[in-house]
Amino acid sequence: CLFLLFFEISGVDEHYTPIRTFQVCNVMEYSQNNWLRTNWIPRQSAQKIYVELKFTLRDCNSIPLVLGTCKETFNLLYLETDDDQGSHFREHQFSKIDTIAADESFTQMDLGDRILKLNTEVREVGPMTKKGFYLAFQDVGACVALVSVRVYFKKCPYTVRNLASFPDTVPIDSQSLVEVKGSCVNHSKEEEPPRMYCSTEGEWLVPIGKCLCNPGYEERSNTCQMCRAGFYKSTLGNTECSKCPPHSFSHHEGSLHCGCEKNYFRAEGDPASMACTHPPSAPRNVISSINETSVILDWSWPEDTGGRRDITFTVVCKRCRVVAANGSNGGTQRCEPCRSSVRFLPRATGLQNTTVTVGDLLAHTNYTFEIEAQNGVSSLAPKMRQYAAVTITTNQAAPSPVTVIRKEKTSRNSVSLSWVEPERPNGIILDYEIKYYEKQETSYTILRARGCNVTLNGLKPNTAYLLQIRARTAAGYGASSPSFQFETSPDSAFSISSESSQVVLIAISSAVAIILLTVLLYVLIGRSVHHSLDSVLFLSVIFTSHTNPFLPFFIFCRSCKWSIHALRLPGVRTYVDPHTYEDPSQAVHEFAKELEASCIAIDKVVGAGEFGEVCSGRLKLPSKKEICVAIKTLKGGYTDKQRRDFLAEASIMGQFDHPNIIRLEGVVTRSKPVMIVTEYMENGSLDSFLRKHDAQFTGIQLVGMLRGIASGMKYLSDMGYVHRDLAARNILVNSNLVCKVSDFGLSRVLEDDPEAAYTTRGGKIPIRWTAPEAIAYRKFTSASDAWSYGIVLWEVMSYGERPYWEMSNQDVIKAVDEGYRLPPPMDCPATLYQLMLDCWQKERNNRPKFEQIVSILDKLIRNPGSLKITANTTPRPTNLLLDRSSSEAPSVGTMGDWMDGMRTLPCKEAFSGVSYSSCDTLAKTSTEDLKKVGVTIVGPQKKIVSSLKALDSHTKNGPVPV
Numbered sequence: 001c002l003f004l005l006f007f008e009i010s011g012v013d014e015h016y017t018p019i020r021t022f023q024v025c026n027v028m029e030y031s032q033n034n035w036l037r038t039n040w041i042p043r044q045s046a047q048k049i050y051v052e053l054k055f056t057l058r059d060c061n062s063i064p065l066v067l068g069t070c071k072e073t074f075n076l077l078y079l080e081t082d083d084d085q086g087s088h089f090r091e092h093q094f095s096k097i098d099t100i101a102a103d104e105s106f107t108q109m110d111l112g113d114r115i116l117k118l119n120t121e122v123r124e125v126g127p128m129t130k131k132g133f134y135l136a137f138q139d140v141g142a143c144v145a146l147v148s149v150r151v152y153f154k155k156c157p158y159t160v161r162n163l164a165s166f167p168d169t170v171p172i173d174s175q176s177l178v179e180v181k182g183s184c185v186n187h188s189k190e191e192e193p194p195r196m197y198c199s200t201e202g203e204w205l206v207p208i209g210k211c212l213c214n215p216g217y218e219e220r221s222n223t224c225q226m227c228r229a230g231f232y233k234s235t236l237g238n239t240e241c242s243k244c245p246p247h248s249f250s251h252h253e254g255s256l257h258c259g260c261e262k263n264y265f266r267a268e269g270d271p272a273s274m275a276c277t278h279p280p281s282a283p284r285n286v287i288s289s290i291n292e293t294s295v296i297l298d299w300s301w302p303e304d305t306g307g308r309r310d311i312t313f314t315v316v317c318k319r320c321r322v323v324a325a326n327g328s329n330g331g332t333q334r335c336e337p338c339r340s341s342v343r344f345l346p347r348a349t350g351l352q353n354t355t356v357t358v359g360d361l362l363a364h365t366n367y368t369f370e371i372e373a374q375n376g377v378s379s380l381a382p383k384m385r386q387y388a389a390v391t392i393t394t395n396q397a398a399p400s401p402v403t404v405i406r407k408e409k410t411s412r413n414s415v416s417l418s419w420v421e422p423e424r425p426n427g428i429i430l431d432y433e434i435k436y437y438e439k440q441e442t443s444y445t446i447l448r449a450r451g452c453n454v455t456l457n458g459l460k461p462n463t464a465y466l467l468q469i470r471a472r473t474a475a476g477y478g479a480s481s482p483s484f485q486f487e488t489s490p491d492s493a494f495s496i497s498s499e500s501s502q503v504v505l506i507a508i509s510s511a512v513a514i515i516l517l518t519v520l521l522y523v524l525i526g527r528s529v530h531h532s533l534d535s536v537l538f539l540s541v542i543f544t545s546h547t548n549p550f551l552p553f554f555i556f557c558r559s560c561k562w563s564i565h566a567l568r569l570p571g572v573r574t575y576v577d578p579h580t581y582e583d584p585s586q587a588v589h590e591f592a593k594e595l596e597a598s599c600i601a602i603d604k605v606v607g608a609g610e611f612g613e614v615c616s617g618r619l620k621l622p623s624k625k626e627i628c629v630a631i632k633t634l635k636g637g638y639t640d641k642q643r644r645d646f647l648a649e650a651s652i653m654g655q656f657d658h659p660n661i662i663r664l665e666g667v668v669t670r671s672k673p674v675m676i677v678t679e680y681m682e683n684g685s686l687d688s689f690l691r692k693h694d695a696q697f698t699g700i701q702l703v704g705m706l707r708g709i710a711s712g713m714k715y716l717s718d719m720g721y722v723h724r725d726l727a728a729r730n731i732l733v734n735s736n737l738v739c740k741v742s743d744f745g746l747s748r749v750l751e752d753d754p755e756a757a758y759t760t761r762g763g764k765i766p767i768r769w770t771a772p773e774a775i776a777y778r779k780f781t782s783a784s785d786a787w788s789y790g791i792v793l794w795e796v797m798s799y800g801e802r803p804y805w806e807m808s809n810q811d812v813i814k815a816v817d818e819g820y821r822l823p824p825p826m827d828c829p830a831t832l833y834q835l836m837l838d839c840w841q842k843e844r845n846n847r848p849k850f851e852q853i854v855s856i857l858d859k860l861i862r863n864p865g866s867l868k869i870t871a872n873t874t875p876r877p878t879n880l881l882l883d884r885s886s887s888e889a890p891s892v893g894t895m896g897d898w899m900d901g902m903r904t905l906p907c908k909e910a911f912s913g914v915s916y917s918s919c920d921t922l923a924k925t926s927t928e929d930l931k932k933v934g935v936t937i938v939g940p941q942k943k944i945v946s947s948l949k950a951l952d953s954h955t956k957n958g959p960v961p962v
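Just so it is clear: in the sequence shown, position 466 is 466 by the UniProt record's numbering, and no numbers are missing.
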C-alpha cells in the first residue's frame, strides 16, 4: 500500500491476537488531510466489488486538551483505471464511496490496556467498467487505526445439478436474478432444458429441467457411467442398470440389452426385462374317447411350459393307411391331411383349453392326431418343437337322418315320394324304412325301399298322413327323419292330379275364374239391395305363378264377415308367420341365410338372453369385408321347442329388408352352438342411450331418430306385420344415431319382461306401451302399434323417462280408460306433443297411420322453426296436424279457470268442493296436500304441482296451460 501520513504500528485485537495496523491520530493539529492508498487492483470478471473494512476509532471525548477539530469518521474513496499508475497520485481523481463511522470507539483506558475494539463495515462499489481500480482512505481529523481491508466480488461457482453443468456466473447487479442454461454431462440427453438462477449473493436458486442418461449408462457421482458387465439398461432415464434376467447375459460394459443363452429365445414383443424362454415340451397323457365317427381328445399341460404363460395348442389330423411295398406282405403306413369337412370344436388351432372334439370323420378309418403345445417363441425354434400323437380307429356309424323329402305325385288313393340320401351315410346304405300313418291314428304301416323313392298305395282320399324315413347300413338303422305330412287328393270332381295335362288345367282354371267373378259380382249386388246370402259360400281357387306357385286364396260370404286371407301375389311382399310351417327349420332356411361357424369370431359376451348368451363379434364371409355383428347363442341342453322358439325370431327378421329394421346376417343351425347373427348396433337400446346422454341432442336430431322409427314401422305395417311390443327398449341405435326396430319375439320375450302384466284374458302385455283395446280384448293391429309409437315419442322427448313414472299397472289402466294422457315432457315442441295425443286417441280408427306420421315428421324436419314453440308455454295450436279431437288439457288464465280445468281431469272427484282464496295459496300446494284431497296417483300429482307453479309465476302474463 502507498500511505501518506498513516503509520504502521503493532497491537492486539479483542482476542489478544497480535495485529499490525495503519493508523493516524493528529487531532492536536488543525486542517488534517491524511491519505492511504492501495496498490492497483485488477478487476478480473467482477461487475461489482465489495470492500470490507476492519478498524478502530478513538472517542474524541477521551482525548484531553484537543487543540484542533476531532472527528470520529473517515472517508472511503476509489479510482478506476485501465493500467497501473504507480506512485502517481492525484487527490481530485478519486470518487467518494462513503463516510465510514465507528459503531464502537475506544477510550484512554482501552488504550492503556492495549485492547482495540474492532469495527467492521462493508461497502459496495460498482458497476465497474475499467480493468482495475485503487482504493483510498482519507482522514480529516480522527484518531483511527485501519486493521484490515478485504476486497472481493461475488459469483455463483461451477456446479452440476440434475446431470447438467453450470459455469461460474457473476451477478450483473443487485436487483435481479441471472438465468443460466446448463449443459448435459457426457452420455446424457435433455428431458427438459436445464436452467438455474444465480442470485446477487452468489447462490444457485430454482433448478428447472434435467438431463437423462443414455441407454447403457446410469447416474453415478453426478455423471453418466456405463453399465457394468452382467447389467443392462435399454431406455433413456436415470434409473440404475438392471441385472440381466434369467437365461441371458451381457459380456461388455454399456449393454442395452442382454442376449439369450443357447436354445433360449425372446419373442418380438417381449420386453428387455423378460427372461429368455424356450418352446414348451409336448402335451402329456393324451386320452381319446371315440363315439362312432367323432372323437374327443383330452390331454394334460406340458411338464415344461418353457417359462411362459401364453401356451396354446394345435391339433393336426392325419388319415393313415398301410400301403403295400413291392408286392410283399409287409407295407408302410402313409398319412395324408384329413379332408376339409372334418370339424373341430371349438377349433383346431389356438386352443387354450386341453380338450377338443373332432367330428365328421369317416367310419372305420384310421386317424392320427398330433397335438402340439406352442408359446410365443415356438416359431423361433422350429427344430425344438415337440408334439404328442395318438392313433385311433373310428367305429362303424349309423347313417345320419334323411332331411329332404319331396312329394312327386298325388292321387285319391296314392302318393309318390322321393328323398335325398343322408348327408353322412357312413357306409353303404342297404335300404330305407318308410313308416307312415294317418295323422289322427296311432297304428302305422312300414315299407322298405332300396332306392330313394317310393309310391304308397291303398290310401284314403282327402286324408292327412304323417311319414318318417330312416336309412340302414351294416351298422344298423340311423335316426328317423322329422315327420313329413302329406294329403291325398279329395274325392271331388274338381280335383286335378299331377298327371293332368296343362291344357286341361288352364281350361279348368279359366272356368273357376269366371265363377269367381260371377260370385263377387253377385255379392256386390246383394250388398247394394241389403240382401244377405242364407248359406255359406266357400270357393278355393288355385293360382300358379313362377314366383309363388300353389298359393291358396279363400273367400267367405257376408255372413262370415267376408274375410280374405293367405293371399300372396307376385311382386307384393307380405309377412308369413313361421309358426304356420309344419317344419319350423324349413321356415328358417327359407328366410335366413345359413352361415359357416368358421366365419364367425366371438370377441366378448355383452349380455344374457332368454336362451343363452348375447355376444359381440366379427363376421368374415368369402370375398367380403369383415363386419362387426351381434350374436345370440342357444345354450346347451335345449329342447326342440326352445330351438323352434329361438329360431322363430330369425324366421321373422329374415323377411324384412329396411334401413330402420335390424338386419339379419344369417343363422348357424348345422353346428353347435346354434346362433342368430345380426348387425351390430354400437349404442345399444334407445332408452339407455338417451338416459346416458340426457339433454345432449338438438330437437332436429331427436326428430330424426323418431322419423327413422316411424319409417321402420311403416314398412312393417305395409308388410302386414304387427309388432305388439314397440318401446324404446326395443329400438337399437348405431354409431350414426340411426334407430332400428328390433325384438320380434314378443310371444316368448314378454314372459320374462318386468314391464309386462297379466290381463284378465291371459298372457302378458307391456301395459304402459299398449293400447286400451289390446289390453282389454287383445286386439293387436297397426293402430295399437301407433299408440305404442306415441309412448316411444314421449320416451324420446323425455330422454328415457319411465312412462307414467311410479304408477302401478292397474293405476295406468284405470287412468288411461278415464281419459288421462301423459303430459308433455320438458321443452317438448307443441307439434310433437299434439302428435302424441293423436296417437293416444281412444278410438283406434282415429289414430294416424304410420305413413301420416312419417309425412308429419318430414314436414317438421324441413321446417325446424316449428320446433321452437313448446307445449309447456303455449296453448294447443289451432292448425291441428290431424283433424282429430284431442284429450289435451285446455289453457287457463285465472284461478277459476284452473280449478274448472282440474275438475275435468281424471282426478275431478278429488277437486269437487275444493276452493282456494288466491293464486298465492294455490301455488303453495304440495303433493302431501294433494294426497289429502284424494289425488293419490303420482303422475297427476306431478302435473298438478307443475301447473300450480306455472299459474303462480305466469298468471299476469297470459294463459297458463294445465
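Idealized CB from N, CA, C, for every residue including glycine. In this text the structure is predicted, and so the values were computed from the model without any measurement.
Buried or exposed for glutamine 696, going by 16 or more other Cβ atoms inside 10 Å? exposed
Identify the residues that DSSP records as bridge partners of residue 1015: which are they? In the structure as shown, the chain starts at 1 and stops at 962, and residue 1015 therefore has no counterpart that could be examined.
How far does the beta strand (DSSP E) with isoleucine 97 in it extend, from its first residue to its last? 95-101
Of the residues Ala597, Thr580, Thr633, Glu590, the one placed nearest valine 605, counting alpha carbons only: Thr633
Have a look at leucine 716 and leucine 362 and give me their C-alpha separation to the nearest angstrom. 48 Å
Taking only three categories from DSSP, how would you classify tryptophan 794? helix
Between isoleucine 434 and leucine 467, is the Cβ-Cβ spacing less than 9 Å? yes
Between the CA atoms of tyrosine 432 and glycine 451 - distance to the nearest angstrom: 8 Å
So the candidates are Ile631, Lys624, Asp577; which of them puts its Cα closest to the Cα of aspartate 603? Ile631
Bridge partners for glutamate 240 per DSSP, in chain order? None; glutamate 240 has no bridge partner.
How many Å lie between arginine 319 and valine 668 at the Cα? 28 Å
If you run the structure through DSSP and keep just helix, strand and coil, what is valine 854? helix
Is the beta carbon of valine 286 within less than 8 Å of some heavy atom of the ligand COA? For the structure depicted, the ligand COA is absent and the ligand set is empty, with no information on it obtainable.
Leucine 835 vs leucine 867 beta-carbon contact at 9 Å: no
Hey, which unbroken runs of the beta strand (DSSP E) at 3 residues or more fall wholly within the region 763-827? 764-766
At least 3 beta-carbon pairs within less than 8 Å: the region 727-743 vs the region 787-801: yes
Quickly, what does DSSP pair glutamine 386 with across the bridge? List them, please. Bridge partners of glutamine 386: none, in fact.
Which residues does DSSP pair with glutamine 374 in a beta bridge? Thr312
Isoleucine 63, DSSP secondary structure in three states: coil
Per DSSP, which one or two residues make a beta bridge with tryptophan 40? Note: tryptophan 40 sits in no beta bridge, so no partner.
Thinking just about the alpha-carbon of each residue, which of Phe369, Cys599, Gly708, Gly720 is nearest to the one in lysine 624? Cys599
Among the residues of its own chain, which have a CB less than 6 Å from the CB of serine 341, if the five just before and after it don't count? Asp360
Is the CB-CB distance between glutamate 408 and serine 416 below 9 Å? yes
Would you mind stating whether threonine 21 and arginine 58 have Cβ atoms separated by less than 9 Å? no
Have a look at Tyr804, Val316, Ala710, Cys211 and flag the residue whose alpha-carbon is nearest the alpha-carbon of threonine 357. Val316
Is DSSP giving arginine 844 helix, strand or coil here? helix
Endpoints, beta strand (DSSP E) assigned at aspartate 298: 294-300
Straight-line Cα distance separating serine 735 from glutamate 682: 6 Å
Cβ-Cβ separation, glycine 712 to isoleucine 661 (assumed contact under 8 Å), whole Å: 5 Å
Measure from the alpha carbon of arginine 220 to the alpha carbon of each residue in Thr235, His187, Gln642, then state which is nearest. His187
Output the distance between the C-alpha atoms of cysteine 198 and valine 151, rounded to the nearest integer angstrom. 21 Å
Report yes if the CB atom of serine 480 is closer than 9 Å to the CB atom of arginine 472, and no otherwise. no
Count the other CB atoms within 10 Å of the CB of alanine 282; is the residue buried (16 or more) or exposed (fewer)? buried
Length at least 4, wholly inside the UniProt domain "Fibronectin type-III" (398-491): the alpha helix (DSSP H) runs in chain order: none
For leucine 256, which of Pro245, Ala275, Pro279, Phe231 has the nearest alpha-carbon? Phe231
DSSP on threonine 355, reduced to helix/strand/coil? strand
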